[in-house]
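Participant: So the protein sequences, as listed, match chains E and B. Quick note, the first sequence lines up with residues 1 to 317 if you use the numbering used here. Quick note, the second sequence lines up with residues 1 to 344 if you use the numbering used here. Ideal placement from N, C-alpha and C gives every residue a C-beta, glycine not left out.
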Amino acid sequence: MKLSLGPLPYFWDRETVMDFYHRLVDTPVDIVYLGEVICAKRRALRPEDWLELADTLRAGGKEVVLSTLALIEAESELSALRRVCENGQFRVEANDMAAVNMLTGAAPFVAGPHINTYNAATLELLAECGAFRWVMPVEQGREVLEALQQGRPADMQTEVFVFGRLPLAFSARCFTARAHNLPKDQCEFRCGDYPDGMPLATREQQDFLTLNGIQVQSAGTCNLVRELPVLAELGVSVVRVSPQSRHMSAIIDVFARVVDGRLQPEVAAHALEAYTQGGPCDGYWHGGAGMSWRGQPEPRAYPASAGSGKADTGADR
Amino acid sequence: MLPPVDSTMRANTIELVCPAGSLPALKAAVGNGADSVYIGFRDGTNARNFPGLNFDDQEARAAVDYAHKAGKRVFLAINTYPRPRQWDEWCRAVDRAAALGVDALILADPGLMHYAATHHPELRLHLSVQGSATNHEAIAFYARQFAIRRVVLPRVLSLSQVQQVIDKTEVPVEVFGFGSLCIMVEGRCALSSYVTGKSPNAAGVCSPAEAVRWEESNNIRRTRLNGVLIDQFAPLEQAGYPTICKGRYEVNENVFYALEEPTSLNVLDILPELVRTGVAALKVEGRQRSPAYVAQVTRVLREALDSCLADPDNYLPKSHWMAELDKVAEGSCHTLGAYHRPWQ
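As C-alpha cells, then:
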C-alpha cells in the first residue's frame, strides 16, 4: 500500500503553503494531491506556483496529482479546470463530472472522493472513461469496499480516506462569510483566519461540524489506522491522510510506519491521539453514523506483531 | 431590460412539474394544472423514502393511467445511489418503471443510468438533481454517455449561472421553483449520514424519522437527531423538523442559523427572469407533503406561470399567491435562495 496526502482543504497564505509542501519532500508520503478543491476565489497560489510545487515534489520522488474543484458553477471555473486537465505533465484528480468529461479519452485520471462511486457498474464506467484510480466516497464503509474490490476493473487502483476531517457537504453559500455577516462576493477571505476551519458546536457545546468556506466538514477526525491491515488484505492500493495545519509530518510518519509494518496499528492509534483535532470517528467504515467511534478493528484474524505495545509515542521499534 | 429575442422565443412553454407521494396527491396535481407529475416507488430507490409514502406497482399503474387519461405525463424517480447489495433491486425498479410506461425516469447514479440506457433504450432519461450536475461540462458527460433528455439543476446556481448553463447545453433544463430548500449541492451532502448513518444518497432520506427526538422541559422544546441537539425553542417559537442545515448552532460564541434558516424556496418574484433564461421546466419540491399542499402550490404556480407567459413584461406576483404559498412553506417564509446572489 502507498500513502497519499489529499488536497489542502483550507486557505493558507502563500508562504505557509509553500513551506508546508517543501517540508513534505523529506517525509515518507508517496503521493501528493495538489491544488484548490474548495473555492475558486482562493488564489494565494497561481497555477504556475502549483506546477512549480509539483515539479519540486516530483523531483523529490513523489507522485503528484493535480486536484480539481468539487463544485463548479461558473464559466471561469470551467476554463481553469480545462487548463488543469490539459496540463500535459501530471495526472489529474476529477472531483466533478465536468472534469471526468474533459478527461474521458484524453488522459488517465483519478476519480476523486466527490465522484459518487457507489457500485461496480459506476466503477466500470469510470474505468472505461480512463480512471486508473478511484477514491472511495467517505460515506462508504467496509461492506461496499469489499464488494467493489472483488469485481474491480483490471489495473484499477483503490484509494481510501483514512485520516482527517471528513468532507461532508458543499454549498453555493459561504458559511465562513455568513458567520461574519459578509456576502460571499465581499468575503474578505475570512477563511484565511482559520487554518483548520471554523468550529461549529451545538447549543450544548458539543463539537459538531467545521465550516470551511462553502464546505462543511466534520468536527472530529476520521481515523482508520487500526483498519490498515484489513485495507491491505482487501487489496487497497493507497491510503489517504488529509492536510491539517499542525503535526502533518508526524501523522505521515506514523501512517508510513504502519503501512510498512514497522509499527503496530494499536500503538499508532495511541500516538495519533495527540494529533487528532476534535474527537476521533470511524462510523462510516462500520456502516453506521459517520460521527460515531468504535475505535476497535473489525473482527479478524490479525496476528499480534512483535513489540512492546506499550509505547504511546509512536516511536520506532 | 428587454431580453434577447431568442430567449423570449424559447419561453413560450414551460412545463410545470409537481410532486406526488400518493394517488390523491397525484390527482391534486393533475386537477390543479400540473403538466407532469413525478412519483417514486415505496422503497429506498428514491430520495423521499418516508414511511407511508409513495407507490407500489398497482398504485403506480393507476397513477400513470389517471395522468395519461388527463393528457399529463408521469416521471418516476429512482434517484438514490445503489450499493452493491442493493444493485439488483434497483435494476428491477428500472425494469418495473419501464413496464409501467412512465414518460421518463429520473436517475442519479451513473451505473444505473448505464443499465437503463442499455436495457431500455426507449426510456427517456432525466438526470436527477441528486446527480449534482451544476455546469454544462458535467451535463455533457451524461448527454454523451446516456443521451439524457433533461437535467434538473441543483439549487446552488445564481440566475446568471443558470443562464450560462442553458446557453451552453443542448439538454433541456429543469429548475426548482418552490419547496423546501436544500442548500447543499444535492448528491454531495453527507450531513444526515454523518449523524444518523442514513443519507439521501444511500438511503433516500435526510434526517430519518426514527432518529428524531422531540423533548420538552421547563417550557423549552428541543429537537434532537440521534442525540445531537439541532435546535431549541422558546414557548412562542415555531419548532421546525430537525434538518441539520436548518438548526441553530454556536460559532464564534454566537448562536444563530449558521447554515440556513427554516425557509422555503419561492421564485415567483423572479419568474419572468427565470422564464427568459430558457428553462424547459419548473419543478415543485414536496413528494413528502400532503395532497392539500400539492393542490395549493400547483394551483398558485399554474396561475403565476400562465400570467407570466402571457405577458412577462407586465407580470407582477399577486400578494395572495405569496400569502397562500407562505402558509404551506417551511418556516412560513420564503427565499430566492442561490438564484439571488446576495443569499450566497
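1. Got a sec: is the Cβ-Cβ distance from Tyr10 (chain E) to anything in chain B below 8 Å?
2. Which bits of chain B does Leu148 (chain E) rub up against, with CB to CB less than 8 Å?
3. Assuming Val297 (chain B) and Val284 (chain B) are in contact, meaning their beta carbons sit under 8 Å apart, how far apart are those beta carbons, in whole angstroms?
4. Using a C-beta to C-beta distance shorter than 8 Å, which residues of chain B count as neighbours of Glu204 (chain E)?
5. Reducing DSSP to helix, strand and coil, say where Gly307 (chain E) ends up.
6. Assuming His126 (chain B) is part of the beta strand (DSSP E), what are its boundary residues?
7. Please list, in chain order, all residues of the same chain as Ala234 (chain B) whose beta carbon is under 8 Å from its beta carbon, the five residues on each side excluded.
8. Quick check on the DSSP output: what are the complete alpha helix (DSSP H) runs of length 4 or more inside the stretch 39-98 of chain B, in order along the chain?
9. Using the Cα positions of Thr202 (chain E) and His320 (chain B), report the straight-line distance between them to the nearest angstrom.
10. Taking its Cβ as the centre, do 16 or more other Cβ atoms sit within 10 Å of Asp55 (chain E), making it buried, or is it exposed?
11. Does Gly177 (chain B) pass the burial test, meaning 16 or more other C-beta atoms within 10 Å, or should it be called exposed?
12. Going by CA-CA distance only, name the one from B:Ser193, B:Ala323 and B:Val162 that's closest to Glu75 (chain E).
13. Between which two residues does the alpha helix (DSSP H) holding Lys327 (chain B) run?
14. By Cβ distance, which residues of its chain are closer than 7 Å to Gly60 (chain E), with the 5 residues on each side in sequence left out?
15. Along the chain, where does the alpha helix (DSSP H) containing Phe146 (chain B) start, and where does it finish?
16. With a CB to CB cut of under 7 Å and the five nearest residues on each side skipped, what residues in its chain are close to Phe208 (chain E)?
17. Establish whether the CB of Val5 (chain B) and some CB of chain E are separated by less than 8 Å.
18. Using the three-state DSSP reduction, which class does Gly179 (chain B) fall into: helix, strand or coil?
19. Which same chain residues end up closer than 8 Å to Ile31 (chain E) when comparing Cβ atoms and leaving out the 5 residues on each side of it in sequence?
20. For chain D, check one thing: does any of its Cβ atoms lie closer than 8 Å to the Cβ of Ile220 (chain B)?
21. Which bits of chain E does Asp311 (chain B) rub up against, with CB to CB less than 8 Å?
22. Ala116 (chain B) by DSSP, collapsed to three states: which one?
23. For the stretch 71-97 of chain E, which residues have a CB atom closer than 7 Å to at least one CB atom of chain B, in sequence order?
24. Is the beta carbon of Val138 (chain E) less than 8 Å from the beta carbon of Pro113 (chain E)?
25. Please return the same chain residues whose Cβ sits closer than 6 Å to the Cβ of Val29 (chain E), not counting the five positions on each side in sequence.
26. Find the residues of chain E that neighbour Ala202 (chain B), judging by a C-beta separation of less than 8 Å, and give them in chain order.
27. Go to Ala201 (chain E), then tell me how far its beta strand (DSSP E) extends in each direction, as first and last residue.
28. Sort out for me which residues DSSP pairs Ser171 (chain E) with in a bridge.
29. Give every residue of the same chain whose Cβ lies closer than 7 Å to the Cβ of Trp90 (chain B), excluding the five residues on either side of it in the sequence, and list them in chain order.
30. Exposed or buried, what is Leu127 (chain B) when buried is set at 16 or more other beta-carbons lying within 10 Å of its beta-carbon?
31. Over what stretch of residues does the beta strand (DSSP E) that includes Trp285 (chain E) continue unbroken?
32. Take every Cβ of the stretch 221-236 of chain E, pair it with every Cβ of the stretch 195-207 of chain B, and state whether three or more of those distances are shorter than 8 Å.
33. If distances are taken between C-alpha atoms only, which option among B:Val275, B:Val300, B:Pro208 and B:Ala323 comes closest to Leu225 (chain B)?
Facilitator: On the basis of the supplied data:
1. The residue labelled residue 10 (chain E) in the question sits at position 10 within the first sequence. Cβ-Cβ to chain B under 8 Å: no for Tyr10 (chain E).
2. The count along the first sequence starts at 1 and reaches residue 148 (chain E) at position 148. Neighbours of Leu148 (chain E) on chain B, chain order: Pro84.
3. Working through the second sequence from its first residue, we reach residue 297 (chain B) at position 297. Working through the second sequence from its first residue, we reach residue 284 (chain B) at position 284. Right, the Cβ-Cβ distance comes to about 5 Å (below 8 Å), so this counts as a contact.
4. Here the question's residue 204 (chain E) lines up with position 204 in the first sequence. Within chain B, the residues near Glu204 (chain E) are Leu229.
5. In the first sequence, residue 307 (chain E) corresponds to position 307, counting from 1. Bear in mind that the predicted position of Gly307 (chain E) carries a pLDDT of just 37, short of 50, making it unreliable; the figure below should be weighed with that in mind. Looking at Gly307 (chain E) - three-state DSSP - the assignment turns out to be coil, as it is neither helix nor strand.
6. Locating residue 126 (chain B) in the second sequence gives position 126, where the first residue counts as 1. Counting along the chain, the beta strand (DSSP E) containing His126 (chain B) begins and ends at Leu125 to Leu127.
7. To locate residue 234 (chain B), count along the second sequence from 1; it is residue 234. For Ala234 (chain B), where only same-chain residues beyond five positions count, the Cβ hits under 8 Å are Asn219 and Ile220.
8. 57-69
9. Taking the first sequence and counting its residues from 1, the one referred to as residue 202 (chain E) is at position 202. Taking the second sequence and counting its residues from 1, the one referred to as residue 320 (chain B) is at position 320. The alpha-carbon atoms of Thr202 (chain E) and His320 (chain B) are separated by roughly 38 Å.
10. To locate residue 55 (chain E), count along the first sequence from 1; it is residue 55. Answer is exposed; the Cβ neighbour count stays below 16.
11. As a first step, residue 177 (chain B) is located in the second sequence; it is residue number 177 there, counting from the start. Answer is buried; the Cβ neighbour count reaches 16.
12. What you label residue 75 (chain E) is simply residue 75 of the first sequence in a count that begins at 1. Among B:Ser193, B:Ala323 and B:Val162, the Cα nearest to that of Glu75 (chain E) belongs to B:Val162.
13. Here residue 327 (chain B) corresponds to residue number 327 of the second sequence, with the count starting at 1. Unbroken alpha helix (DSSP H) run through Lys327 (chain B): Ser319 to Val328.
14. Locating residue 60 (chain E) in the first sequence gives position 60, where the first residue counts as 1. Cβ within range, chain order: Val25.
15. For the purposes of this step, residue 146 (chain B) is taken as the residue at position 146 of the second sequence. Taken as a continuous stretch (DSSP letters only), the alpha helix (DSSP H) holding Phe146 (chain B) covers His136 to Phe146.
16. Residue numbering aside, residue 208 (chain E) sits at position 208 when the first sequence is read from its first letter. Around Phe208 (chain E): Leu200, Ala201, Thr202 and Ala219.
17. Numbered from 1 along the second sequence, position 5 holds the residue referred to as residue 5 (chain B). Because the pLDDT at Val5 (chain B) is just 38, under 50, the model does not fix this residue reliably, and the point stays unresolved.
18. The residue given as residue 179 (chain B) occupies position 179 in the second sequence. DSSP places Gly179 (chain B) in strand when its eight states are reduced to three.
19. On the first sequence, residue 31 (chain E) is found 31 positions in, with the first residue counted as 1. Closer than 8 Å at Cβ, skipping near neighbours: Lys2, Leu3, Ser4, Leu5, Lys62, Glu63, Val64, Val65 and Val238.
20. The chain inventory of the structure shown lacks chain D, comprising the protein chains E and B.
21. On the second sequence, residue 311 (chain B) is found 311 positions in, with the first residue counted as 1. Within 8 Å Cβ-Cβ: nothing; Asp311 (chain B) doesn't reach chain E, min ~31 Å.
22. Position 116 of the second sequence, counted from the start, is the residue given in the question as residue 116 (chain B). Ala116 (chain B): helix per DSSP, three-state reduction.
23. Leu71, Ile72, Glu73, Ala74, Glu75, Leu78, Asp96 and Met97
24. Here residue 138 (chain E) refers to the residue found at position 138 when the first sequence is read from its first residue. Here residue 113 (chain E) refers to the residue found at position 113 when the first sequence is read from its first residue. Yes, Cβ-Cβ distance for Val138 (chain E) and Pro113 (chain E) is below 8 Å.
25. By one-based count along the first sequence, residue 29 (chain E) stands at place 29. Around Val29 (chain E): Leu3, Leu5 and Ile252.
26. Here residue 202 (chain B) refers to the residue found at position 202 of the second sequence. Per Cβ cutoff of 8 Å: Tyr118 and Glu139.
27. On the first sequence, residue 201 (chain E) is found 201 positions in, with the first residue counted as 1. Segment Met198 to Ala201, the beta strand (DSSP E) holding Ala201 (chain E).
28. The residue you call residue 171 (chain E) lines up with position 171 of the first sequence. DSSP output for Ser171 (chain E) lists B:Met184 as bridge partner(s).
29. In the second sequence, residue 90 (chain B) corresponds to position 90, counting from 1. Closer than 7 Å at Cβ, skipping near neighbours: Thr45, Ile78, Pro82 and Leu112.
30. For the purposes of this step, residue 127 (chain B) is identified with residue 127 of the second sequence, where counting begins at 1. Buried: at least 16 other Cβ atoms inside 10 Å.
31. Reading the first sequence from its first residue, position 285 is the one you call residue 285 (chain E). It is not in any beta strand (DSSP E) - Trp285 (chain E) carries neither H nor E in the DSSP assignment.
32. no
33. Counting from one through the second sequence, the residue named residue 225 (chain B) turns up at place 225. Closest by alpha carbon: B:Pro208.
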